[in-house]
Each structure stands twice: as C-alpha cells, then as structure tokens.
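Novice:
Chains as they are written, first to last, in the numbering used here: chain G, 16 to 677; chain P, 12 to 259; chain D, 323 to 555.
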C-alpha cells in the first residue's frame, strides 16, 4: 500500500497532491455481526512454542499499550515495552474521569452491540469505518469482564452488582465508572497485568525511554531507535513487529488537557517513514474546562461534562458588565445563550456546539474572568438555581469532588460564585491510518488507541476513549497481529544493517543539531507560539483564510525554530529541554499537516467546523457527497507537499443522517 | 509576588548536590507551583543557565509523576500533589526550600528528579491479580458487597507518587504497599493470591531498602489522596494471617 | 534491564521488617500488662503500709507451697528481661534500617511534625526509660542506691524516698516519658498486630491508648505525691 504509482503531480490549492485511493483489505465480507468472528478465524495462528521466538516492540503504556503488552506477554511473545514516564503507570489514560462504555445491557434499557455501534458512528458524524466501530462495540462487554477479574473497583450497587450511568447525552445507561477516576482504575489494572508479565520475564520494560525513530527494513517495520532519557544513550531495539500506542497529539495546541509529556513524535517519525496519517484535523474540544488565568499557564484541566446536567451557562448581555461580580448582575442582564439558541437541548447540547458558542460569546467581547492577551476567555457555569432547587448538600454529594478541584485550582468557591469555564483541546480523533487489523500502511507497524484514527470518526462520544484503548489492546491487536507474526520470524537483522545505522545516525544528528543551534529562544516559547496559531486558526472554528495564514505562520515559525532555538546542557544524561525540542520540532510539522487537512475538508463535521460550510442558522453542514472519506496523508518529504489518499467510507448497515439539535 | 528559592541542584546520579539560591519577581498568585518553576526555568535559559530538572506529567493531580519536598513537607503545605499546589498558598517574600524526595530506594537522577522504579518492582513482586486476558467470567458472576468495593476503591486511589516515603521519618513504603494489599484483598477476585501477595511484596519492600513503619501517620497526612493509615494495619493483619512468612 | 539507575539492592539481611515490628508490639503489650499490675501494687500503699508490705511479700511467696520461694518472681523477672532485650533489639534494628533508608537528610523542616516529635520521643525517650528502669531496680530492688537511708520494710523505703523532692521530680519526669511512650506505643501495637482496619476502629484505639496511658501515669504518680505532701506517713 505504500506505493503511490498514480500520484497526481499537480499541486491542489497550492498545498497538497492527491495520490491513489486506498481501501481496507482486511475486513472480511458477510454480515457486519460476523466479520470479527470470521477475521479471528481466518487470521493465522502462531504455535505456542514459536511465540517466544517472535518479538514485539510496544511504544506507550497507556490503556492501549499496557493491555497489549500484558496480553502478548501472557500469550508468550517476547515483548519490549517503552514509555517516556518514570513508570508505565503514569500514562495519561490515567486522567480520564467519566467512565467506560460497554454494551452489557445490565440495566435492561434496550442497549445492544448494534445500538452502541450505531451511537458511535452517529456520534462520529458518519466519518468512521463501520467495520471497526462494530467490532469495538462487540468486544466492549469483554473489557468489563476482564477488568473486574483484574480487580478494578468499579462502582457497585448495594446488591453487589455493577452500577451504570448514562453519559454524554445517550439514552441508555451503559457507562461503567469508578467515581471520577475510571481512567486511573483501568490503567492501574492494565499496569498491574503488565508488571506481572515483567516479573514473569515475557515483557521487558524500558521506562524513561523515548522513541525517536522507526526502523524500516525492506519495507517492514523492524524496530525503533530510542533514547534512554536518564543516561542519554541512543539505543537500537529490533523486533519482528512494532506497535505504537503512543496516544494523541492534542499538545500541538500547547494548552490542552493532555499531560505535559504527551507528544506526536512516535507517530510522526513513523509518518515520515511512510505511515499514512488519517484525518489529522479532527480534534475534540471539551467545553467544560477551567479557563486560562494568564501567560504562565502550562496546561488546562477538564471538569466532567456531567456539570452541565445541573449548571446553567451564561454570559452578561452587555460587555460593560463583564468585570462585575457575577452575583450583582441581574437576571435580566444575563444571556443564557445555549438555552436561548437551542431551547430543546439547552445546556446539554453536544460538546462541539457548546464549545463553539462559548468561543463566539467571548469573541463578541462578552467573556468573563481575567483577560489574557486582551480577551476574556470564560463563561459562567452557574449552580445557584441547582443549589436553590436541590439544596447545597445534594449538589455537594453529586459534584463535590469537582467543586473541590475547581476551588483548588482557582481559589474561588463555586458554591458561592459561579464557576468559569472555557473549552480546551481534549482528544484527537485523527491519528495514523490503520486497516481492520490495526496495521498501518507500513507492514509490521500496528497502531492502537488514540494514536490511530480508526473508531471515532470526526467526533468521539463520552466514555468511548477508554473503551477503544482497551478493546484494541486486550482483544483486537493480539488477534490480528498474530496473522502478521505467523509469517515470521523474519530475516534476522543486526545493528550493522544500513537502515538501522542510518536511523541511528539521523537521531544523533538531530540531537546534535538541537544542541548546536544555540539561539535565543527557549523551546517552550516556540511551543506556545505554535499553540496560539493552532488554537486561533485550526481550533473550534476554521476558515480558509485563517488556515492559509496558519500554514504560512507555522512554516515561518519552523524556520525560525531551526535557526534560533536555545537548548542548553548536553546529550548525556537527563535533559528535559532536549526532550522538548524534539517533540516541538515534530509538532511544528504536524501542525502544518493539520491545517492542510482542515483546509482541504471544506465541510463541517464533528469536531471540525468550517465557517464556509454552515446552514443558514449557523449550524454545521456536512457534505457527504464530497467528503465521506478518510483523508490518509502520505509524507511528501521535507518542504514537499503531502499526498492525500482517500479511503471512501461505505455505509452498508447505517443510514447517513444530518444531525440537528435545534 | 516575589519569592526566594533554595533549590537542590545535582548534575547526575553519581554527583554531589548542593542548594542553590534563586530569586523570582512577578510570580502570579494564580500560577501553580510547577508553573512557578517553569517561569524560573525560562529565566535561567535566558541567562544561559541550565534549567532545573523536575518531573511532572498530567499536572492535574492523578498521574503521580510530580513531587518535591517544599519547606520540609512532601508536596508542600496543602494536602495535594505538587502540581495542584498554587502560589496563593505562599506569601509575598517567602523563602521556599525545594528538595527531591529523600530516600535511599529513590536515588536522585538529577536535581529534583528521583528514580521510583522500586515501587514498580514492589508491584511486580505480587501487586496484581493473575487473570489472563480472555479468561474472565462475566462481570456479574461474583457480586461484591458495596462496602468492600468502596474500601477497595479508597485504597486503589493511590497514585504511586512516593510522598508517603518522602514524608515518613523512616522512609518506609508501607502506605503504598498497604494500599495495594487492601485494594486487592478487599475483593473476592484477590483472595486466591492474598497470602502470597503480602509476603512477596513485603519481602521486596525490605529488599529495596525501605524502612519500617512506626505508625506515626506522617505518610497518610502527606498523601495527596488521603489514604488512611489503616491500610498499613491491614497489611500487618494480612501478614499475620500469612503466618509471618514462616509457612512453606 | 535498563529501567533503573539504582544498583540492584543487596539482599536484605535479618528478619522481615513486619516481624521486627511485631516483636516490638507483642513485648510492648506484655509491658503494658506488667505496669498495670505494678501500678496496682503501688496503690496498696494508699490502704496502708502493712497492705503494701503484705503485697510485696506475696510476690515472693506466690505459688507456695507448690513452688519454691521467689520462683514466680524470677519467672516474671526473666520474662521481663527477655522482653526488654527483644523490645530494645527489635527497635534498634528498625531504627538502624530507617537510618539506612534515608542517608541524606532534608534541609527544610516541617514546622509542626507529630511524626518527627514521636520518632524522637519513642527512640530517645525509650532509651531514657531504659536508663530509668536500671536506676529504679538499683534503687528499690537491689537497694544499691539509697535516697534517704536504708530500711528493711519496702513501704518505709518508698515513703522515705518520696519525701525527698528530687526523687519525686525524677520519678515524675520518668512517668511523663512513660506516658508518652505508652500513648504512641499502645496505638502502634494495635496497628502492628492489625487491629486498625477502619476509621471507627482507629478512633477506638486512640481512645484506649489515651485512657490507658493516662490511668497508668496518674496511678503511678499518686503514691509519690501523696507521700511528698504528707498524706501518707
């Protein structure tokens, strides 16, 4: 699939070229309900005695990586697992609050695999692949069984059975949760399973290691080059297959709810080596985050969406009131804009709409809270009505931990003063393109979890990220990767192989380059500058003009970075500036591709709102006739235009509908 | 606000460290403690000095990666993680002493970064339930009384940051270990390996060179998740039930 | 594996930490029972000097004629001695382990620290108590040390001693140390044998440790003060 014989050499819009269309060749035919069973049967098996001769590298130890590492280790493969944190338990899956969906139908409220499948495709605004999503829904129930067996302490009812809640506006209760720390509990479960395999000797763990290059030999992914972040040593690790479970790239916006270390480097290095990047512009922006307080801000913190169930969102009607104490602004001077514009759904409109309207209010000059760069970016989320209606104790028992977190961060008491919220980048639906087997366009390179593009289309439903990470790692990848590994062990390669030597040299050159530029600006200052461009022009609302400007600005910033960045210290030993420099350099390339993708997709869908494509009353307008495809981008080369490969999305089992919340 | 800082600087694991004085002007009260250190680092880079190395990742109090001792207190004066501590907890003109976790099983890597892989090895020794993927019965096959599930959850909230060790006068890791033993021991799924788990984990704990608990409670007071001291007593009770390791 | 910069830990020699803690706890419980009995005996002096002497004599003849004279006393003495040795040895082992677990100390100090105070109070205070016990034995048992002359009757020895101000002061200070040691020790023993398994249990154990230590300190201090202020002659 890597050959692009029919590449159209003409530049389209001056920014990209178009290559041959691609398709997923792995999903078998037949009814959608039988496909996964068929695939599991058809995928070749590996004799247990041969498994320890087959090695797999897994980059990342979040839900998708740790679960895959544990499962492949249990099966008997030789696994090497990598994470940049000091322990696999720290991966950012840990921060997920809400819950995990599963089509268990424990509540008997009409849930089923088909309904979860349908909701996920619809929630993704019909931009995901039917076969993958159906399989996700199908294995969801197994995840809960597995996690309970591992000792994940899900919330229970007094009868001792598992509790469920409805989440993110769906009408069935299918979300399993462990208070507001579901991600933590699931990750600890996967982490413990992984540690068990480390003790058993099937998994070798490399913490504080960062993958800096993919090794491709004879067209197959055969290993990675990683830097030991403690000693500074550049190490070569070779294997029969490589799995990237390295998470999303929301940190391209600098400010996001991602962890400080989340980065695109593993995916981006693979992309540069030939892996297609699917739908990079699909970004999820979460409406209920704590607003930025100033230039010092390093990250944003999300508060559960459930707050919108009882809180009312408003801004002052008049811009002059914006610096007043909100309690002194009369009812008549408040604009409950979501209730006004969307009387049917009110404050419970989907994430993208709530986010975009908040931005609109602030752009109109009616935002509240401290001004950053001269604009107040915040809207009120007011619980005064809820406290009056339910009593403070009831509100406390429902949202107490969230209120405490808000108070800890802002120093304000939300029981007395309305909370201030603002949208923040939260999740990236885009990622490396994979087929039904989760294999990328490079044979032997598999991509799982948030790092791939596959299951959420243009928008992800609440409580589905955890589901996908664990589905991929526990149940999907271990069954599909064996079909590839059964062809191995592949030709033995050594560190002297020219492809390996070249990869090592490339990594070392880059490190030396960073340390030798000796310019005047810190890495963070570039990252912040990039983040501002992305947020303003490739954020909640995108316009052709803005995106074209952004592309130019990013290119200029990238040029400046490579001539003026200042990275102090040495390559030996721990050097956090050096680590950041590598990540930001890759973000500077990814940012451009995201803008190109956003520019070429002249429609509004899910998390991608193009101002040029809206209905008369300002709602997102999708163009299924033109854009019902996955945009899989091939790296065109340094300073070359990327190449677009379209994978048409075929809906055999679900009918496409335009969504409406009015 | 203006603050003066005394920060532990150490070039590498084998080097000697020293306290170095810094001054910072115009620190926002709304910035977090780590954002204050970010600001210091930006200024150091401007001056051509190497920035202070410190660990942090999620910066929302859940990953457990951050953690320094601030004026003698693990994670500082509030009961939270270092990343969730804000500068409004300090006064204008304060002097702040910042040191890494101090425990021999947590050797310093650089400046304020320590190596906590001993915690991972304690988990490896038995902090899990052996349940291979795909072998699980239906999740509803074994009901769990709500009180047990709640206690298991309370103990499972541990984020593995190491503040308990840092705060303990004996550098003991028994709150960390007790929380895992309690989490898994409260659940029916955790029963088959309950005795082996506590014996293996405590043996590893001793092997790593952590001290012994003297029931002072500093760990629990420093724990950002407020894990109660009774998990250590649970650990002791389970250890007793396992025959003090004397049984074959 | 390259996951750690730490050298592989040398195998820990000696008994498991929790076993050492248990030795401290169990011997500690034995001491608590002992001091309660001791206190009961001391309080006999409130009834009268005869009662006190009678009690002291009974300790020697306990079990007669089945057992030879003083045999019960010696069994108790040996048990106590073994316990003291075990208690001190296990505590010192733990102390040494704690020292090895943190060889670099903090430069910053927490302002108020229950832990720092009690860590010192138990260890140095414990050693002070040990020194006091030695003095106490030399004073009342072997009578090597005399405060205010030698007397054949135990009651007279007690009364004559506590008419001297510095003896009262010395014993009072010792009892304050004992109280502190018991306050944390009873709590710690309950923790170590695994009794504290809920927040409610913790409260109960706190209550018991405060009540017992208060009763013991007050109970021991009543006779010396009663003597010093002339209520007993």
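Cβ atoms here follow ideal geometry from the backbone N, Cα and C, with glycine treated the same way.
When DSSP labels each residue in this structure, what does residue 624(G) get in the three-state scheme?
Specialist: Residue 624(G) falls in the coil class under three-state DSSP.
Novice: Between residue 143(P) and chain D, is the shortest Cβ-Cβ distance under 8 Å, so that the two count as touching?
Specialist: Not one chain D Cβ lies under 8 Å of residue 143(P).
Novice: How far does the alpha helix (DSSP H) with residue 312(G) in it reach, from first residue to last?
Specialist: Per DSSP, residue 312(G) is not a residue of any alpha helix (DSSP H), being assigned neither H nor E.
Novice: What are the residues in the stretch 500 to 524 of chain D lying within 8 Å of chain P by C-beta distance?
Specialist: 506, 509, 510, 512, 513, 514, 515, 516, 517, 518, 519, 520, 521, 523, 524
Novice: Cβ of residue 237(P) less than 8 Å from any chain G Cβ?
Specialist: no
Novice: Is there a Cβ from chain P that is less than 8 Å from the Cβ of residue 107(G)?
Specialist: yes
Novice: Does residue 408(D) come within less than 8 Å of chain P when only Cβ atoms are used?
Specialist: no
Novice: Check whether the Cβ of residue 79(P) lies closer than 8 Å to any Cβ atom in chain D.
Specialist: no
Novice: Specify whether the stretch 349 to 368 of chain G and the stretch 322 to 335 of chain G touch according to this definition: at least 3 beta carbon pairs, one from each stretch, less than 8 Å apart.
Specialist: Taking a cut-off of 8 Å on C-beta distances, the stretch 349 to 368 of chain G touches the stretch 322 to 335 of chain G, as three or more cross pairs fall below it.
Novice: On the CB-based measure, 16 or more other CB atoms within 10 Å of its CB, does residue 665(G) come out buried or exposed?
Specialist: exposed
Novice: Count the other CB atoms within 10 Å of the CB of residue 388(D); is the residue buried (16 or more) or exposed (fewer)?
Specialist: Exposed, since its Cβ has fewer than 16 Cβ neighbours within 10 Å.
Novice: Could you check whether the Cβ of residue 250(P) sits closer than 8 Å to any Cβ belonging to chain D?
Specialist: Chain D contact via Cβ: present.
Novice: Determine, using beta carbons only, whether residue 163(P) comes closer than 8 Å to chain G.
Specialist: By this cut-off, residue 163(P) is an interface position.
Novice: Which full runs of the beta strand (DSSP E) of 3+ residues lie inside the stretch 329 to 390 of chain D, going along the chain?
Specialist: For the stretch 329 to 390 of chain D, not a single whole beta strand (DSSP E) run of length 3 or above is found.
Novice: Flag residue 168(P) as yes if its beta-carbon sits less than 8 Å from any beta-carbon of chain D, otherwise no.
Specialist: no
Novice: Strictly below 8 Å CB to CB, what residues from chain P border residue 159(G)?
Specialist: 150
Novice: Under the three-state reduction of DSSP, which class applies to residue 527(G): helix, strand or coil?
Specialist: helix
Novice: Return helix, strand or coil for residue 164(P), following the three-state DSSP convention.
Specialist: helix
Novice: Which value, in whole angstroms, describes the spacing of the CA atoms of residue 14(P) and residue 276(G)?
Specialist: 27 Å
Novice: Taking DSSP as the reference, what is the three-state secondary structure of residue 270(G)?
Specialist: coil
Novice: How many Å lie between residue 181(P) and residue 98(P) at the Cα?
Specialist: 30 Å
Novice: From the DSSP secondary-structure annotation, give me the bridge partner or partners of residue 647(G).
Specialist: Note: residue 647(G) sits in a beta bridge opposite 293(G), 660(G).
Novice: Which value, in whole angstroms, describes the spacing of the CA atoms of residue 243(G) and residue 100(G)?
Specialist: 11 Å
Novice: Could you name the residues of the stretch 18 to 44 of chain P whose beta carbon sits closer than 7 Å to any beta carbon of chain G, in the order they occur along the chain?
Specialist: 23, 39, 41, 42
Novice: Taking Cβ-Cβ distances shorter than 9 Å, what residues in chain D pair up with residue 213(P)?
Specialist: 338, 339, 340
Novice: Tell me the DSSP secondary structure of residue 388(G) in three-state form.
Specialist: coil
Novice: Taking 8 Å as the CB-CB limit, is residue 362(D) close to chain P?
Specialist: no
Novice: Quick one: grab the DSSP three-state call for residue 327(G).
Specialist: Residue 327(G) falls in the strand class under three-state DSSP.
Novice: Among 41(G), 405(G), 496(G), 198(G), which one has its Cα closest to the Cα of residue 109(G)?
Specialist: 198(G)
Novice: Quick check: the Cα distance between residue 20(G) and residue 168(P), rounded to an integer number of angstroms?
Specialist: Reliability of the predicted coordinates at residue 20(G) is poor, the pLDDT of 48 falling under 50, and no value is obtained from them.
Novice: For the pair the stretch 425 to 440 of chain G and the stretch 294 to 306 of chain G, tell me if three or more CB-CB distances fall below 8 Å.
Specialist: yes
Novice: Which residues in chain D have a C-beta closer than 9 Å to the C-beta of residue 229(P)? List them in chain order.
Specialist: Neighbours of residue 229(P) on chain D, chain order: 432, 435, 436, 437, 438, 441.
Novice: Can you check DSSP and say which residues form a bridge with residue 439(G)?
Specialist: 301(G)
Novice: According to DSSP, simplified to helix, strand and coil, what is residue 161(G)?
Specialist: In the structure shown, residue 161(G) falls within a helical segment according to DSSP collapsed to helix, strand and coil.
Novice: Say whether the stretch 430 to 446 of chain D touches the stretch 66 to 85 of chain P, bearing in mind that this needs 3 or more beta-carbon pairs closer than 8 Å, one atom from each stretch.
Specialist: yes
Novice: Once DSSP output is grouped into helix, strand and coil, what is the label at residue 444(G)?
Specialist: coil
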